[in-house]
Amino acid sequence: MTVSDLEDYFSGINLPQTLELYPGTILNDVPHCVDTHLNVLRIYGNVRPYECFYDRLIKIKDMVEQEQENSEES
């Protein structure tokens, strides 16, 4: 998935305000986190020192999709 694909994905969904990304790692402002991470990737690209920004966006995307699937099953 490219940075452009991630921008398109996140521009069209409602994000939760908070999210537990990993045990003990809670994002208190998910929309702001997504915006800042996308900005970093726009500026620097998905190169080694900035891979963690890409990885976190993919993790957020996967968690949001999982949450949507769970809510549809209920």
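Note that the working numbering has the sequence shown beginning at 19, numbered continuously upward.
All C-beta atoms in this analysis are idealised placements derived from N, C-alpha and C, irrespective of residue type, glycine included.
From the DSSP output, in three-state form, read off isoleucine 78 for me. When DSSP states are grouped into helix, strand and coil, isoleucine 78 belongs to the helix group.
Going by alpha carbons, who is nearest to threonine 54 out of Glu25, Gly42, Asp80, Pro41? Among Glu25, Gly42, Asp80, Pro41, the Cα nearest to that of threonine 54 belongs to Glu25.
Determine the extent of the alpha helix (DSSP H) in which isoleucine 61 is found, giving its start and end residues. Run containing isoleucine 61: 48-62, per the alpha helix (DSSP H) assignment.
Less than 8 Å between the CB atoms is what I'm expecting for valine 48 and proline 34, so what's the real figure, rounded? By a beta-carbon distance limit of 8 Å, valine 48 contacts proline 34. Their separation comes to about 6 Å.
Using the Cα positions of glutamate 1 and proline 67, report the straight-line distance between them to the nearest angstrom. Residue 1 lies beyond the residue range present for the chain, which begins at 19 and ends at 92; the question has no answer from this structure.
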